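In the UniProt record's numbering, the protein residues as written are 1 to 390. Take a look at the structure set out below.
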């Protein structure tokens, strides 16, 4: 496009930003923001909404807010994106302030707005407030919203509240079942996990990959051979194609091997490939409680290992993700360091962020995209001296 001197229009950049989000290309997205400013599209509502969504997906709350504040017209879409961005970054107080402001401006929130806010809630008072708002706005029958509340009650340690919500749902899908199973697993109530998996079969609810990943993780952490065999048989009967890590875990269970670091690594890798942050962090929590270290060779796939770094980072375990990267990767990987740098920015970990930034610049000192990302990272933590260096 540039070679043919074809100028970009208002549809060009939203599509590019969407691609960057889908492909996890944060550096390119930052560069496109510079192009948007240069081409005079900063105030275009469609492009601004795309920018907010891009920054929200990568956890750049402050950058998203800067774009949001200069938007001339805002409907519930950018409001939802910015609220979700703050919520996922752990800034629930600011997210609630934004939610209060949206109502003052008489913008009608959608059920998606509430879902985006619930995603980062870990305090019961906030969750109960949002539960009340869901009823007030008439969203209590929205299955996606109810599933998010069910999951949030589990995160808050209120498993019985999650169960109550589950029992009174007008309709349940596989996400509902998986959320409740995950809640009981995180609470350490393995007996109830077994009962729920059995009830699913009685009620003819077809398990999915997430269900099997949860079941195998339970079997691995409990060394439950009988349950492992039962799950293996069910997987074979349903024709589910075994993931290599799920298969490894089942084989080791059936050979009566205690859950070794290799077994746990396989279970964790399965969670990473499925994007199951909650279950993955639960399994990793078991690793920490047992004083184990992950068996790096058992992972044997760079894609899987990148998934685990991302999984740990999104679960707030940035230092452990960095340690896993340093121990497990055969050679430096700028893409993985970029994931870690984004996580440091989101969590406000300036010390580790500086170390990672230095490693990125050493690997690719002439890459303009890296300098753009570093400049944005320093800006987000008010390191103006770092902006000049980048």
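Yeah, the Cβ is synthetic: ideal placement off N, Cα and C, and Gly gets one too. Every value quoted in this text rests on a predicted model; they were computed, and no experiment measured them.
From the beta carbon of residue i, is the nearest beta carbon of chain C less than 8 Å away?
i, result
"residue 61", "No chain C appears in the structure shown, which is made up of a single protein chain."
Rounded to the nearest angstrom, what separates residue i and residue j at their Cα positions?
i, j, result
"residue 83", "residue 64", "10 Å"
"residue 358", "residue 55", "23 Å"
"residue 335", "residue 14", "23 Å"
"residue 134", "residue 339", "34 Å"
"residue 130", "residue 68", "23 Å"
"residue 200", "residue 207", "8 Å"
"residue 59", "residue 343", "8 Å"
"residue 71", "residue 204", "49 Å"
"residue 352", "residue 33", "26 Å"
"residue 316", "residue 36", "32 Å"
"residue 90", "residue 121", "8 Å"
"residue 136", "residue 327", "50 Å"
"residue 92", "residue 6", "43 Å"
"residue 62", "residue 49", "15 Å"
"residue 333", "residue 179", "34 Å"
"residue 156", "residue 209", "25 Å"
"residue 305", "residue 103", "43 Å"
"residue 318", "residue 356", "11 Å"
"residue 192", "residue 143", "23 Å"
"residue 309", "residue 361", "20 Å"
"residue 17", "residue 307", "22 Å"
"residue 30", "residue 321", "24 Å"
"residue 166", "residue 363", "50 Å"
"residue 331", "residue 350", "24 Å"
"residue 1", "residue 8", "8 Å"
"residue 161", "residue 53", "32 Å"
"residue 51", "residue 38", "15 Å"
"residue 212", "residue 189", "17 Å"
"residue 337", "residue 132", "41 Å"
"residue 405", "residue 41", "In this structure the chain extends from 1 to 390, so residue 405 is not present and cannot be described."
"residue 141", "residue 354", "46 Å"
"residue 28", "residue 194", "46 Å"
"residue 127", "residue 139", "15 Å"
"residue 106", "residue 123", "27 Å"
Along the alpha helix (DSSP H) that carries residue i, what are the first and last residues, could you check?
i, result
"residue 32", "26-38"
"residue 162", "159-167"
"residue 97", "92-104"
"residue 202", "190-202"
"residue 358", "350-363"
"residue 139", "Neither: residue 139 is in no alpha helix (DSSP H) and is coded neither H nor E."
"residue 6", "No alpha helix (DSSP H) contains residue 6, which DSSP labels as neither H nor E."
"residue 392", "Residue 392 lies beyond the stretch modelled for the chain, which goes from 1 to 390, so this question has no answer here."
"residue 68", "61-69"
"residue 345", "334-347"
"residue 186", "174-186"
"residue 154", "143-155"
"residue 88", "76-88"
"residue 324", "318-328"
Should residue i go down as buried or exposed, given a rule of 16 or more other Cβ atoms within 10 Å for buried?
i, result
"residue 314", "buried"
"residue 4", "exposed"
"residue 100", "exposed"
"residue 98", "buried"
"residue 170", "exposed"
"residue 300", "For residue 300, the predicted structure reports a pLDDT of 49, less than 50, and the residue's modelled location is therefore unreliable. A value from the coordinates is still provided. With fewer than 16 other Cβ atoms within 10 Å, it is exposed."
"residue 346", "buried"
"residue 26", "buried"
"residue 214", "buried"
"residue 95", "buried"
"residue 164", "exposed"
"residue 19", "exposed"
"residue 168", "exposed"
"residue 23", "exposed"
"residue 198", "exposed"
"residue 43", "exposed"
"residue 202", "exposed"
Hey, residue i and residue j are a contact pair by Cβ (cut 8 Å); roughly how many whole angstroms apart?
i, j, result
"residue 148", "residue 182", "Not quite, the Cβ-Cβ distance comes to about 13 Å (not below 8 Å), so this is no contact."
"residue 159", "residue 187", "5 Å"
"residue 196", "residue 145", "Contact doesn't hold; Cβ gap of about 21 Å is too wide."
"residue 312", "residue 324", "7 Å"
"residue 87", "residue 117", "5 Å"
"residue 10", "residue 46", "6 Å"
"residue 57", "residue 21", "5 Å"
Going by the C-beta, is residue i closer than 7 Å to any heavy atom of the ligand SAH?
i, result
"residue 122", "In the structure on display, the ligand SAH does not appear, and there are no ligands present to speak of."
Any 3 or more C-beta pairs closer than 8 Å across the segment 139-156 and the segment 170-188: Enough Cβ pairs lie closer than 8 Å, so yes.
The segment 101-114 / the segment 71-83 touching (three or more Cβ pairs under 8 Å): Taking 8 Å as the limit for Cβ pairs, the verdict is that the segment 71-83 does touch the segment 101-114.
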